[in-house]
Amino acid sequence: QQQVKQSPQSLIVQKGGISIINCAYENTAFDYFPWYQQFPGKGPALLIAIRPDVSEKKEGRFTISFNKSAKQFSLHIMDSQPGDSATYFCAASPNQAGTALIFGKGTTLSVSS
Amino acid sequence: DAGVTQSPTHLIKTRGQQVTLRCSPKSGHDTVSWYQQALGQGPQFIFQYYEEEERQRGNFPDRFSGHQFPNYSSELNVNALLLGDSALYLCASSLQGRDGYTFGSGTRLTVV
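Residue numbers (the working numbering), protein chains in the order written: chain A, 1 to 113; chain B, 1001 to 1112.
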């Protein structure tokens, strides 16, 4: 199965700091790259997503940076807050809307106050 | 506006048994996908249903089967349960041809 590799596995950031999570993919047919946030006991919730025609997308404190040539993308959480403590998953899917997502293994973020 | 509803929330089954999980999609959505999330892992795609047909399938054995009803709700059936089937089963709904799933909170299946 096509893979999406996510790092780090866990991350501890101080309140107000920047959290950075990285993902790399193999399949050049992938053209939709969402990030999901999951709290314990809940399903994943879509945070932000990007397509390869742009290199960066920002929504509030969350930014995706995308490097098509390197086949890498990352999530930056600015001014991290304790409420951001959750597990974050990157994902990718090939060039047809609504098709199966391939998820990374997740990053557990802890924001200390 | 109700989101994705899954039932039951928790379930304990014995090896070899069969289980049925249920999902009601978000209002306005017509496509249902099922994912399996093992502890500490990302969700893995099982299959997707649209217009009551299986449209796409992941790398899961045919012990895993599903159904979609005319009201867009869906069931996931797993036969001959194995210990390794213990996981959180997530249902996600979407509008056909559009990006952006809405996930339910899942059914936690434990096989003993």
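All residues carry an ideal CB built from backbone N, CA and C; glycine is no exception. These figures come from a predicted structure and were not determined experimentally.
Proximity of residue i and residue j at Cβ, strictly below 7 angstroms
i       : j       : result
G41/A   : G1042/B : no
V1004/B : C1091/B : yes
Y32/A   : R61/A   : no
L109/A  : S7/A    : no
P82/A   : S113/A  : yes
K1026/B : S1093/B : yes
L1088/B : G1106/B : yes
L88/A   : I12/A   : Here residue 88/A turns out to be Tyr, not Leu, going by the sequence shown. No, Cβ-Cβ distance for Y88/A and I12/A is not below 7 angstroms.
L1081/B : R1022/B : no
S74/A   : V111/A  : no
V4/A    : Y36/A   : no
Buried or exposed (CB count within 10 angstroms, at least 16 for buried), residue i
i       : result
F39/A   : exposed
H1010/B : exposed
Q9/A    : exposed
V1112/B : exposed
D1085/B : buried
P44/A   : buried
S1007/B : exposed
L1083/B : exposed
A86/A   : buried
G106/A  : buried
G1066/B : buried
S69/A   : exposed
I1012/B : exposed
Q1036/B : buried
Cross-strand partners of residue i (DSSP beta bridge)
i       : result
R1055/B : In the DSSP output, where bridge partners are listed per residue, R1055/B has none listed.
T107/A  : Y88/A
P1008/B : Partner(s): none; P1008/B has no beta bridge.
G1152/B : With chain B running from 1001 to 1112 in the structure shown, residue 1152/B is simply not present.
F66/A   : F73/A
R1108/B : H1010/B, L1088/B
P94/A   : F30/A
K42/A   : DSSP lists no partner for K42/A.
S10/A   : T108/A
Contact list for residue i against chain C, beta-carbon separation under 8 angstroms
i       : result
Q1041/B : In the structure shown, chain C cannot be found, because the protein chains are A and B.
Limits of the beta strand (DSSP E) - the one that residue i falls within
i       : result
H76/A   : 72 to 77
P34/A   : 30 to 38
E26/A   : First-last for E26/A: undefined, no H or E at that position.
Y1101/B : No beta strand (DSSP E) contains Y1101/B, which DSSP labels as neither H nor E.
I18/A   : Element bounds for I18/A: n/a, residue is neither H nor E.
S113/A  : No beta strand (DSSP E) holds S113/A; DSSP gives it neither H nor E.
L1081/B : Per DSSP, L1081/B belongs to no beta strand (DSSP E) and is neither H nor E.
R1022/B : 1019 to 1024
V1032/B : 1031 to 1037
Presumed contact (8 angstroms Cβ cut-off) between residue i and residue j, rounded CB distance
i       : j       : result
I102/A  : A91/A   : 6 angstroms
V1078/B : F1064/B : 6 angstroms
Q1044/B : T1031/B : The Cβ separation is near 18 angstroms, so there is no contact.
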